[in-house]
Structure formats: C-alpha cells, structure tokens
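Chains as they are written, first to last, in the numbering used here: chain P, 956 to 1177; chain W, -10 to 339.
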Ligand SMILES: Nc1ncnc2c1ncn2[C@@H]1O[C@H](COP(=O)(O)OP(=O)(O)OP(=O)(O)O)[C@@H](O)[C@H]1O
Ligand SMILES: [Mg+2]
C-alpha cells in the first residue's frame, strides 16, 4: 500500500471576487506520510482552512493534483468522493458540528456503514464518555462535545484525521486533553493526523509544525 | 445510521413545525374527503333514484293548468292507450292540519321509506309527529276522511305523511300527480302520441330525466372537485414552503452530513422521505378528520343512510396516495437545492 496518505502536487485554489482574484492556495506541494502527525500554523487568511478543505474533498482545487492513498480525488465521481470522505477521512471542526437531535451515541454512529453499537461504545469509552452515550450534545461541555466529534471522525477507521482548529473554542485544560487524545491516537493506533491551529501549545503535540503564509508552506520540510 | 431514521428524528424534533406543515395537508385532505364524500353520497342517491325509474315515460300535469293532480278521466284515458303498459301512479298533495302545511305522498314501494316504526299504510315522519303531537293510533282527517296512523318514519326536516298509493287515491278521489309507464313503442314517439291525445300533461322519457339528474350531479361534482383541488394545492404549497425553510435552516447540518461522507443522493432521499412522510401522516389524519366531518354532516342533514357510500375506498386511498405523492413532489426542489449546497459554504453558515 501507498506510503503517502496525502499528496499535493502544485495545488492552487483561487477565488474570484469581482475583478479581484484571491489566491487562497498558491502552487502547494506537500506529502503527508502514513502515521505522521502534522500541525499547520499561520496567520489568518493564509489558506490553512482551504488546505484542509481541498485535502478532505470538501472543495475542489482550481489547479494541481491531490491524492489520498495514491488516488487522485478530482477524478472520482461525486459518489466515490463521498465514499472516500466517509471511509478514509475523519473531519474535526472548531465548532464540533454535532447533530443536536441525535444522542451522543447516535452522533458517533451517524457515519457508520454497518451499524455496530459495541464499536461506537468502545470509542466513547476511549474518549472517557461512556456515561454520556444517551445524552444530547446540548447537555455536554465544549471539551466533551469535541471528544464526541473525534469519536465520530474515527468510527470508520479513517486513514487520516483532518482537524481545523479543534481546540479553538476550548480552554487550555480541555485543549490539552483533546491534543493528548489525538497524540495517543497517532502513537498507539498509527492514525495520520493534520491539525490546523493558532495555538503554539496545541501545535507542540505534533511531530512537525508546517508554517503557512500566503497560500504556501514557508519552510517546506518534506 | 441511515438518513431515513434521521428524517424521522427531524420530524420528531420539530413537532410543532411538522404539525403546522402537516396542517395544510390535513385540512386539504379532510376537505377533499368531506366534499367528494358528500358528492359520492349524492351520486349514489341519484343513482338509486334513477334505478327507481324503470319506466320509459313519466306523465305529469302541466303546471300551467294550475292543478297539480290529474283528473280520473285523464288517468283512465292514459291507461287505455294501447302502446303503454305497466303503470304506476303516484299521488302527491298537501293540506293544512292544525294550521301546519302537511305534504302527503302516495307510496307504491314501502322499501323507499326508511326506518319505519310500526307498520305501513299511513306513516307520518318524525317531524310531523313532533310538530303535530301525533302518535301511532291517532286519527287524522284528510279530505273529510279519517285515517289512523300506522307508523312513524325517520326525521327529514319537513312535514311528510306517506300514504299507501291506494289510500292516497282514495282520499283524493282517484286523482294522480304522476303516471310512470313503459312503452311498446320508441319512447320519443310515445311522448308525441300522448301529448297529441291528452291535454294539459307533460311527458318526459326516462332518458330525459336521467340526463337531467346526471347533468346536475356532474356540475355539482365539478364544482366540488375544483374547491377540493384548491384546498389541496394550498396544502402542498405549505409543504414546499416548510421544506424549503427547513433546508435553509439546516444548511450547516447538511454541510456536516456531506463532510462526513453522505452522498448527494442520500441527502436528496432523506429530504424527499421527510416531506413524503409529512404528506403520508398528514393525509391519514386528514382522512380521519374528514370521516368524522362526514358523519357529523350526515347526521345534521339526516343523510345517514348514505354514510358508507360517502367513504368509498377509492376516495380514501386516493387522498392518501395523492397527498403523499404531491408532498414528495413538493420536497423535490428543496431536495435538489440541498444536494447542490457547497459544503464549505454550508459549514460556514451559522
Ligand atoms: N468562499 C470564498 N470566497 C472568496 N474568498 C475566500 C473564500 N474562502 C476563503 N477565501 C479567502 O481565501 C483565503 C484563505 O482563507 P482560509 O479560510 O483558508 O484562511 P485561514 O488560514 O483558514 O484563516 P483563519 O486562520 O482565519 O481561519 C483568505 O484570503 C480568504 O479570504
Ligand atoms: Mg481557517
């Protein structure tokens, strides 16, 4: 199997705003190896979120090639893209984005293809949430909600976790606990992780910090 | 988890919203069931009436003669015509009893008078009994003849006394208000023949009569259908509206669903399922409401004999299937707009 979980070859993303074109990504080249844990930092508007979005096939690049597990994502049909998102990518958002009408357990099981309650409960247990399985997200703290979101991202055993400021809404204590969970997942289970963050302390959990500026990595260390 | 379960939960989460959406469908479905139900009841009454006319021609005195009864000579003249046979006479007249106008009707076939308490012969309806304080065994005087009441029939909101046709002819001196007869000849030439030989009568064929009744009935059904259709369209518009609002409200949620790997088809399916479910459940409630409405109306109008005919299976099944399909259709545009959402923009939505 391909040793690179995520590859960017000369990827650009431009937005047209009237006469102006904004280069959110500018000829980006990067390779994320299986089992690595990268943090992405950079000023606001430098293109960090855009990078995660095109990596996670939530958006299409204007130019360049993106491969997940060696598969070119732009060449897939929208159905195949959805399948890849479901099976190979786990997204974690700053705002948790849980379904308020579903219980914690149902939220975790939402992306499951074959329902396996035990697996979901095990994951919740791992996140220290076994007592919250039947609660609704609205009754959970921010840190707890983010742990539910991590469990949801992990439920289909993805190749890579993409997290956009997962600690942005949390206090230091909860932020550290979330980063520790991600680090454990990376070290014990070998899950590849890319985390975008503004917080140096959070970024320090990663193997390597990539610095982004004006749509490209400045100290391209791959 | 599949999205159909999620659709169920969406309906349950927004109980009030779903109920209000469904309200349009409930009212629409109930209106259709009530209006078309009454129409169906009326149609079967008309049909029943038509089936009673197993006669080719009906001869009645012309209203211009001012007299609503035919004299015995006229009657016997008609009955002597060689091309007519199988006669049935009906005598209808009215007379005041204790200052109340009472309608008398000669009856040939007592099966036509429903729910008689007592025996046939001289039957007053409940209205007559209540208004005049008459009971079985009491005597009434009709054209100086005393008749003993033998039975009481169901209320009709007008004062009627049913007399055996023989008794009716007896008390009127063998006068008749209509003669039904069959004809050996073509009914149309019979009409001409009778009118040539007898003065002051009008003759219509059964087909004229049937066409008349059917025409009236068709017009009524068309009118009813249009009103019911408008009711349903309003209901469907409310579903389009709600589903559209629901999609806009849930923009972020739909973005998340896409982000965690649901396909466009799954999202479309769940929205269609949700609107179809609203239509299905709403129409079932509407049908129940409509049936209750029909029973209430039927009792108010003393039309209860036709209650089964007022709830035909095609109507109930049609309303449920039709509403569900229309609501599915109503969910189509919201479903397509949901599947076209840009995930990144949807996620930015708060
Ligand atoms: N839909 C869009 N239309 C136009 N411009 C956009 C759009 N999305 C992003 N941009 C622009 O692309 C650039 C990169 O945006 P992006 O969200 O990736 O930055 P970021 O590094 O994630 O910033 P932050 O740290 O504030 O989250 C910015 O200049 C932004 O204004
Ligand atoms: Mg960002």
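Positions of the beta carbon are idealized from the N, C-alpha and C atoms, including for glycine.
On the criterion of 16 or more Cβ atoms from any shown chain inside 10 Å, does residue i qualify as buried, or is it exposed?
{"i": "residue 82/W", "result": "buried"}
{"i": "residue 1025/P", "result": "exposed"}
{"i": "residue 345/W", "result": "Nothing about residue 345/W can be reported from this structure: the residues present for chain W run from -10 to 339 only."}
{"i": "residue 151/W", "result": "buried"}
{"i": "residue 4/W", "result": "exposed"}
{"i": "residue 976/P", "result": "exposed"}
{"i": "residue 283/W", "result": "buried"}
{"i": "residue 1045/P", "result": "buried"}
{"i": "residue 141/W", "result": "buried"}
{"i": "residue 240/W", "result": "buried"}
{"i": "residue 45/W", "result": "buried"}
{"i": "residue 221/W", "result": "buried"}
{"i": "residue 1069/P", "result": "exposed"}
{"i": "residue 1122/P", "result": "buried"}
{"i": "residue 1086/P", "result": "exposed"}
{"i": "residue 126/W", "result": "exposed"}
Which residue's Cα is closest to the Cα of residue i: the options?
{"i": "residue 1167/P", "options": "1033/P, 1149/P, 997/P", "result": "997/P"}
{"i": "residue 1075/P", "options": "1111/P, 963/P, 1091/P, 1090/P", "result": "1111/P"}
{"i": "residue 1057/P", "options": "261/W, 289/W, 1/W", "result": "1/W"}
{"i": "residue 57/W", "options": "141/W, 44/W, 165/W", "result": "165/W"}
{"i": "residue 1171/P", "options": "957/P, 982/P, 1115/P, 962/P", "result": "982/P"}
{"i": "residue 993/P", "options": "1169/P, 1132/P, 1118/P, 1173/P", "result": "1118/P"}
{"i": "residue 305/W", "options": "276/W, 298/W, 281/W", "result": "276/W"}
{"i": "residue 85/W", "options": "79/W, 93/W, 78/W", "result": "93/W"}
{"i": "residue 334/W", "options": "1124/P, 980/P, 1127/P, 1015/P", "result": "1015/P"}
{"i": "residue 30/W", "options": "213/W, 256/W, 232/W, 337/W", "result": "213/W"}
{"i": "residue -3/W", "options": "25/W, 338/W, 269/W, 307/W", "result": "269/W"}
{"i": "residue 20/W", "options": "169/W, 163/W, 218/W, 203/W", "result": "218/W"}
In angstroms with no decimal places, state the Cα-to-Cα distance between residue i and residue j.
{"i": "residue 90/W", "j": "residue 102/W", "result": "20 angstroms"}
{"i": "residue 215/W", "j": "residue 312/W", "result": "16 angstroms"}
{"i": "residue 1067/P", "j": "residue 1120/P", "result": "24 angstroms"}
{"i": "residue 236/W", "j": "residue 314/W", "result": "19 angstroms"}
{"i": "residue 1098/P", "j": "residue 1136/P", "result": "12 angstroms"}
{"i": "residue 964/P", "j": "residue 1004/P", "result": "18 angstroms"}
{"i": "residue 967/P", "j": "residue 1038/P", "result": "24 angstroms"}
{"i": "residue 1157/P", "j": "residue -5/W", "result": "35 angstroms"}
{"i": "residue 200/W", "j": "residue 243/W", "result": "59 angstroms"}
{"i": "residue 328/W", "j": "residue 260/W", "result": "10 angstroms"}
{"i": "residue 279/W", "j": "residue 115/W", "result": "29 angstroms"}
{"i": "residue 250/W", "j": "residue 274/W", "result": "36 angstroms"}
{"i": "residue 1148/P", "j": "residue 1141/P", "result": "7 angstroms"}
{"i": "residue 33/W", "j": "residue 135/W", "result": "38 angstroms"}
{"i": "residue 66/W", "j": "residue 175/W", "result": "20 angstroms"}
{"i": "residue 8/W", "j": "residue 23/W", "result": "21 angstroms"}
{"i": "residue 121/W", "j": "residue 97/W", "result": "25 angstroms"}
{"i": "residue 301/W", "j": "residue 318/W", "result": "26 angstroms"}
{"i": "residue 969/P", "j": "residue 322/W", "result": "30 angstroms"}
{"i": "residue 1012/P", "j": "residue 1139/P", "result": "26 angstroms"}
{"i": "residue 1146/P", "j": "residue 1106/P", "result": "13 angstroms"}
{"i": "residue 1079/P", "j": "residue 1089/P", "result": "11 angstroms"}
{"i": "residue 1100/P", "j": "residue 338/W", "result": "19 angstroms"}
{"i": "residue 332/W", "j": "residue 1032/P", "result": "16 angstroms"}
{"i": "residue 1059/P", "j": "residue 14/W", "result": "34 angstroms"}
{"i": "residue 35/W", "j": "residue 326/W", "result": "50 angstroms"}
{"i": "residue 1040/P", "j": "residue 226/W", "result": "36 angstroms"}
For residue i, report the span of its beta strand (DSSP E) as first-last.
{"i": "residue 1147/P", "result": "1147 to 1151"}
{"i": "residue 50/W", "result": "46 to 50"}
{"i": "residue 1168/P", "result": "1163 to 1168"}
{"i": "residue 169/W", "result": "167 to 172"}
{"i": "residue 964/P", "result": "959 to 972"}
{"i": "residue 141/W", "result": "140 to 142"}
Contact check, residue i vs residue j under 8 angstroms by CB: the rounded distance?
{"i": "residue 320/W", "j": "residue 263/W", "result": "7 angstroms"}
{"i": "residue 157/W", "j": "residue 48/W", "result": "Wrong, their Cβ atoms sit about 17 angstroms apart, outside the cutoff."}
{"i": "residue 1116/P", "j": "residue 960/P", "result": "Rounded, the Cβ-Cβ distance is 10 angstroms, inconsistent with contact."}
{"i": "residue 95/W", "j": "residue 184/W", "result": "That belief does not hold up - the Cβ atoms of residue 95/W and residue 184/W are roughly 24 angstroms apart, past 8 angstroms."}
{"i": "residue 139/W", "j": "residue 109/W", "result": "7 angstroms"}
{"i": "residue 73/W", "j": "residue 170/W", "result": "4 angstroms"}
{"i": "residue 291/W", "j": "residue 146/W", "result": "6 angstroms"}
How is the alpha helix (DSSP H) around residue i delimited, first residue to last?
{"i": "residue 82/W", "result": "Taken as a continuous stretch (DSSP letters only), residue 82/W belongs to no alpha helix (DSSP H), being part of the beta strand (DSSP E) at 81 to 86."}
{"i": "residue 117/W", "result": "115 to 121"}
{"i": "residue 160/W", "result": "154 to 161"}
{"i": "residue 1009/P", "result": "1003 to 1010"}
{"i": "residue 217/W", "result": "195 to 238"}
{"i": "residue 288/W", "result": "253 to 289"}
{"i": "residue 1138/P", "result": "1127 to 1144"}
{"i": "residue 1119/P", "result": "Note, residue 1119/P: premise wrong, no alpha helix (DSSP H); beta strand (DSSP E) at 1115 to 1119."}
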